[in-house]
Amino acid sequence: MGKVKTKTGPLARRPDNSAFKQQRLPAWSPMLTANTVLPFFYFMALICMFLGVWLLLTVQSTKEMKLDYTEAGTCDRCFEKRKNVSNAAQPCSCTVVFSIGKKFKGDVFFYYGLRNFHQNLRRYMDSRDDAQMVGRKKNLQTPSTYCFPFTTDQNGQPIAPCGAVANSMFNDSFVLTYHMPGGRPEKVPLLRQGITWYTDKNIKFRNPKTENLTLPEVFKGTAKPLYWQKPVYELDPLDPTNNGFINDDLIIWMREAAFPNFKKLYGVLNRAKEPFTTGLPAGNYSIEISYNFPVQYFRGRKEVVLTTLTWFGGQNHFLPIAYLVTSSLILLVAIVLTVVWWKFGKNGKNMEE
Amino acid sequence: DREYNEKFQYASNCIMTSKYNIITFLPVNLFEQFQEVANTYFLFLLILQLIPQISSLSWFTTIVPLALVLSITAVKDATDDYFRHKSDNQVNNRQSQVLIRGSLQNEKWMNVRVGDIIKLENNQFVAADLLLLSSSEPHGLCYIETAELDGETNMKVRQSVSVTSELGDPNNLASFDGEVVCEPPNNKLDRFCGTLYWREKKYTLTNQNMLLRGCVLRNTEACYGLVIFAGPDTKLMQNSGRTKFKRTSIDRLMNTLVLWIFGFLVCMGVILAVGNAVWEREVGSLFQSYLPWDPPVDNFLFSAFLSFWSYVIILNTVVPISLYVSVEVIRLGHSYFINWDQQMFCSQCNTAAEARTTTLNEELGQVEYIFSDKTGTLTQNIMSFNKCSINGQTYGEVTDPLGPQQKKLDFTPFNPLADPDFCFYDDTLLESVKVGDLHTHEFFRVLSLCHTVMSEEKSEGELVYKAQSPDEGALVTAARNFGFVFRSRTPGTITTTEMGQTVTYSLLAILDFNNIRKRMSVIVRSPEGRIRLYCKGADTVLLERLHPCNQELMNITSDHLNEYAADGLRTLALAYRDLSEDEWEAWSESHRCADKATDCREDRLAAAYEEIEQDMMLLGATAIEDKLQEGVPETIAILSLANIKIWVLTGDKQETAVNIGYSCKMLTDDMTEVFIISGHTVQSVRQELRSGGGKKLRCPPPPPHPPPPPPPASPPPASPSPPSNLMDNISGEFALVINGHSLAHALEADMEGEFVSTACACKAVICCRVTPLQKAQVVELIKKHKKAVTLAVGDGANDVSMIKSAHIGVGISGQEGIQAVLASDYSFSQFRFLQRLLLVHGRWSYLRMCRFLCYFFYKNFAFTMVHFWFGFFCGFSAQTVYDQYFITLYNIVYTSLPVLAMGIFDQDVPDQRSLEYPKLYEPGQLNLLFNKREFFICITQGIYTSVVLFFVPYAVFYFYLTVLLPCTKRTPLFSLPVQTLFRIFPNQFHFVGSAQSTLLQPVVWLTIALATAICIVPVLAFRFLKLDLKPQLSDTVRKNKLRQKKRKMVGRNGRLGARSGSRRSGYAFAHQEGFGELITSGKNMRLSSLALATFASKHSSSWIDTLQHSTSMNNGFVND
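If you're matching them up, the sequences are chains A and B in order.
Residue 332 in full-length UniProt numbering sits at position 332 of the first sequence; the count goes up by one each step and never skips.
Residue 195 in full-length UniProt numbering sits at position 195 of the second sequence; the count goes up by one each step and never skips.
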């Protein structure tokens, strides 16, 4: 309290002599001198170069197989069929064959991809009811108006799940078969569960409280989305716990993609059984597709992708190349700067007053 | 008679300075806030967002920042208002004694009505505008202090109308039933006209009869007054209008840029809307099975229209709501730093610097012209009685501050009443007093009698003089120390102690000072019954009115006067005249006549005064030294090194001003020439200007507009406006001194340009004998012609107009009252703090504000343009890339602190360096750090960053197969490196998982690193090149500081050494020929600041409307 004492006398109104008030706070203001900037540039170039090379090597070891099946193989038949809306209810399946030259080692991921499908339209993305998805009963019966016009069906029954996003869910299904040379075709086992984020499966998507009711009873009084063939509680006929809003495929679909060309995970290779314990062996494969999703309306394409992953993700040539290009650019700039500095600005010639 | 007055519905005396009460606060405050364009704009956005088809962002993205901004302002307003309420209450509940039905009753102020009669006691505040009816003092006199009204601390005299002054006691007053007819309420403090009708007679009322609200009664036991105006009608309240709001050039630029950005926003909206129309037609229509158009949106054109508004909402972050708030916060911070600066604290007067306006800080870094008052600003306005000439004999020696200290005279043994602070060094004068030289005695008797000083004797021998001007105080103090002590005065008497004996003179008349007469006289009757007139006044005026027998003495004295003036001293001549009883009777009769005259009373009085102030006997002259303030020459030297031009505008006479100019190193011996322009006619002034310009310029440029009368003489007239650059370049060692008369001509429309260009080519400009109005005109002139930032610094009421019209007004809280301080934007107590204010605080403020603005615009463009690019990939549907919370909080939370911290704390060079290198100030003057070019550079950089931020991740994701696609509606996609700052996206609470899952992916980090590198490298390289090849001075200074301290010292000495060379003693200069003649031809001199103060207050109270009369005013001044 010594301050109180000094507040009298001729200096009573004298401002405090603190570093803050007198603007003498310690500061670090780096000076862009050649000694700091040039080494920094070289260092940056080096780091980028290193990262680029490393990533490139890693990427080289990944395998990827992409297959556009929109009209491939026997699917042109189904493609034609889906052009007509009246055939929507008729099932159509087709087969596409392909072969893998080299073995896919490790975990193999199976994606389906869509091109030119705008999941990123504002109104499309808005057209969902998150409260319904977390299992609120109230929203199950009266979906949010955001879902319009996919709120209720023509009978006035509320749609579950409502909205354009759920309505347009991708509903092709795939069966991958490995044709062992000289052996009988073997179905490639895919893990179709556990492919979502934990938070999605357990927090953001929940079925309404069942209280000893079966799922169909819970969803009683709701209608399936317009374009769906099965109601939401029958999405996975194999595993009853993977039905309703917590169905993995639904969850993955509901996480909208940022760009019109996107890929979504369909399944992961189950490596429990031979010959898939170490990955996908090289050889011939066929995919049997239950071809439901029409793409010709929006001039889209459908594809399947098989890929292995590295520590930093899938096969991505952009990142290593970008790093390498950046590194060489930085190097170039650094060299130019060095030359300029050497010729014109050395020893701070320009710093003279 | 309350009942009668009730029906006129006069305002009650209850005042309301507060704007709101509890009920009206919300609506009124909101209404006021929404008058700001920015707020309205955001309200408009909010309304747009409530339309579901348009709303691309939820309403909270706008309402949160808007509510934040509004509530901060509202809280500030509410606090202010609360304090106003409190002070209103306090004022309204003050007690006053009201005469009701013949008895005095205590009433609260708010219950006082127009027409009431109030009794005031000593040291009480006046409750309303009163007509003084009677007072306890004789002649109905009373004294008031008007500090609260106009800031002048000296006392003023008010006198009641003679007929009412006899109404001494309450009973008589109660029966007073006069009727007052007067002008409607107005804000002119120094004018009142009205008529009192009482007992079938008319009495004229003037300001002299009025006690205005806010004054304090002094030295008067009690007085009675009739309430004329109450409450809001009082002059005090009428004057408390809103002051003119000053804006800085950065402010204006910022507003323009915000408009541009707004235009840019609309352009982007249009582009995206067109894109939307095309897309909806080409692609969207095909996509309808999955996403049908909303029923009201039945075609692509309407969809495009909606999309336009949606994008206006999304892209609104380029016109950030937080910009204005942040700017205010930064300025407030800078103002606090100014207030807190210890080095601008004056320990003698215990005042710290004060930033009274918080909105002008950065303009302090751009000042090009300083207009300075002399008295009290450059000089201390402490007058010391320095020399005198008595009966042809000169006394006193100039004190040289550096010379060997002479012995100060000790008066105490001789005179117990002496003021110990008084310094005088010549003992011959004291000897002459002791010897009893008649002239000397008479000389000091004049000084002790002829003045308007009030004395206060706290205890025996401890006298305190309250003088209207420091000159007078100095003179009376001098007389006191030499044995003629002014003890006290009553309206009719003056009591002095002459050489130890108490003498009481009866005061017959005071012939008061005004600035036309330039003299004042008193007529006193000595105890012996002799009547004598004592006069003191400007030498020029007084010497004309002497008795012819004084010729010889007059010559000697005027030689002395010339000497004194050449020494920079203020001079006065003293004289007396003996009057016979008959003469006095006759004159007093004519004086009474003149006094009572209703029409042109002033003129008649002046004539009466003139009549008696004749044939006087010269006694001598006094010279008063005006001390320079500490550090003035150094400050001026540094400021002029910083390329700031300093003009001195003073009311003093030319010689004094020139001498002060020399002593504070504005004028130096090195100067090639000092032009003195003192012509009295248009032609001569023009000629002088031209010859000045001609000498200066080897090649005089052609005139911009040929002046109406073709120039008769002088070589090709030098009146340039296109080659003003040329003129600027040759600004060598020239100085211009211009007189008030000449200035009046030079300020006329056709000569303005010529004057400006000549004056600006000079290194120093001194305008002397200028009126307050002319000061303002000069400032306006420079503002108009040079488009430069001007700063006016002054301390007195006569500087108020100048302070108000300059871009920045600085008040010196010195001796002449606080009026200048009240009108100023910054105030401190010493002129030398100006260098710190400008070179350190101003420079920093400017730098910080510029950097802040660049940074701010950069970050908002970098942020917002990403949405623009994304528009091309999401079908122009106004989908956002970032999470809504992120958009909401980006400006007000995530990025506000870095910019604010930089805007408040950034320093490029430490404060000592900016004082050592005044050249560092120049970028501000040239406005180099933030202009349209800089703006476009940072916009371009922002757009570049946004491109990198968008397309690098886009490319990564395009080629990249990932387990998950991280960009979903509520999962933010990109990290944004703002310079080196990473911002990790927030997540909506029920979407917690996204960030967690995304950020675990190494690819995200690799992308961030890559984007950062690409963003930073070009900027870094560019900056390095710039620094290496074309370093700014500030960079050099910083580097030098890092490198070698030795060189810095050398550089510094080299810089200042040349200037600070040999010290000059205060006034030892200007012993130049011709000044003597100038003095005798001179018209005006500054007798006391009272005159100027009253003169100024006329202008300052309403100088704008006097500006309309400027022409006539000028002529008046010139002619007098």
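For glycine and all other residues, C-beta sits at the position ideal for the given N, C-alpha and C.
Here the structure is a predicted model, which means the values were calculated and not measured.
Give the interface partners of residue i over in chain B, defined as CB-CB distance under 7 Å, in chain order.
i, result
"residue 27 of chain A", "907"
"residue 341 of chain A", "1028"
"residue 233 of chain A", "Those within 7 Å of residue 233 of chain A in chain B number zero; the least Cβ separation is about 23 Å."
List, in chain order, every chain B residue whose beta-carbon is nearer than 9 Å to that of residue i.
i, result
"residue 19 of chain A", "The premise fails here: residue 19 of chain A is roughly 11 Å from chain B at the closest Cβ pair, so nothing lies under 9 Å."
In this structure, does DSSP put residue i in helix, strand or coil?
i, result
"residue 383 of chain B", "strand"
"residue 685 of chain B", "helix"
"residue 15 of chain B", "coil"
"residue 126 of chain B", "coil"
"residue 470 of chain B", "helix"
"residue 520 of chain B", "strand"
"residue 938 of chain B", "helix"
"residue 766 of chain B", "strand"
"residue 1052 of chain B", "Caution applies to residue 1052 of chain B, whose pLDDT of 40 falls short of 50 and renders its modelled position unreliable; the value that the coordinates give is listed next. It is helical."
"residue 580 of chain B", "coil"
"residue 487 of chain B", "strand"
"residue 835 of chain B", "helix"
"residue 98 of chain A", "strand"
"residue 200 of chain A", "helix"
"residue 812 of chain B", "strand"
"residue 454 of chain B", "strand"
"residue 92 of chain A", "coil"
"residue 179 of chain A", "strand"
"residue 268 of chain B", "helix"
How many angstroms separate the CA atom of residue i from the CA atom of residue j?
i, j, result
"residue 211 of chain B", "residue 1033 of chain B", "59 Å"
"residue 96 of chain B", "residue 186 of chain B", "24 Å"
"residue 788 of chain B", "residue 325 of chain B", "27 Å"
"residue 832 of chain B", "residue 24 of chain B", "47 Å"
"residue 900 of chain B", "residue 640 of chain B", "33 Å"
"residue 335 of chain A", "residue 1027 of chain B", "17 Å"
"residue 856 of chain B", "residue 107 of chain A", "47 Å"
"residue 62 of chain A", "residue 103 of chain A", "10 Å"
"residue 661 of chain B", "residue 478 of chain B", "27 Å"
"residue 322 of chain B", "residue 253 of chain A", "38 Å"
Along chain A, which residues have their Cβ under 7 Å away from the Cβ of residue i?
i, result
"residue 956 of chain B", "316, 318 and 319"
"residue 1023 of chain B", "32"
Quick one: what's got a C-beta closer than 6 Å to residue i's C-beta in the same chain, skipping five residues either side?
i, result
"residue 950 of chain B", "866 and 869"
"residue 166 of chain A", "225"
"residue 58 of chain B", "884"
Apart from the five residues just before and just after residue i, which ones in its own chain have a Cβ nearer than 7 Å to its Cβ?
i, result
"residue 216 of chain A", "233"
"residue 1051 of chain B", "Because residue 1051 of chain B carries a pLDDT of 41, less than 50, the predicted location of this residue cannot be relied on, and the following value inherits that uncertainty. Once the five neighbours on either side are set aside, residue 1051 of chain B has no close Cβ partner at all."
Listing by chain order, which chain B residues have their CB less than 8 Å from the CB of residue i?
i, result
"residue 61 of chain A", "Those do not exist, as residue 61 of chain A stays about 15 Å from chain B at its closest Cβ, beyond 8 Å."
"residue 44 of chain A", "1013 and 1017"
Anything in chain A within Cβ reach of residue i, meaning under 8 Å, just list it in chain order.
i, result
"residue 898 of chain B", "By Cβ distance, chain A contributes nothing, its closest Cβ being about 15 Å from residue 898 of chain B, past 8 Å."
>> Below 8 Å, how does it come out for the stretch 439-449 of chain B and the stretch 615-626 of chain B: are there three or more Cβ pairs, yes or no?
In response: Flag = yes, the stretch 439-449 of chain B and the stretch 615-626 of chain B touch.
> Are the stretch 150-166 of chain A and the stretch 260-269 of chain A touching, with three or more C-beta to C-beta distances below 8 Å?
Replying inline: The answer is no - the stretch 260-269 of chain A does not touch the stretch 150-166 of chain A, with fewer than three Cβ pairs under 8 Å.
> If you pair each beta-carbon of the stretch 365-382 of chain B with each one of the stretch 918-938 of chain B, do three or more pairs fall below 8 Å?
Replying inline: As far as the Cβ criterion goes, the stretch 365-382 of chain B touches the stretch 918-938 of chain B, which means the pair count is three or higher.
>> Taking 8 Å as the cut-off, does the stretch 85-95 of chain B touch the stretch 106-125 of chain B (at least 3 CB pairs, one atom from each stretch)?
In response: Yes: the two stretches touch, three or more of their Cβ pairs being nearer than 8 Å.
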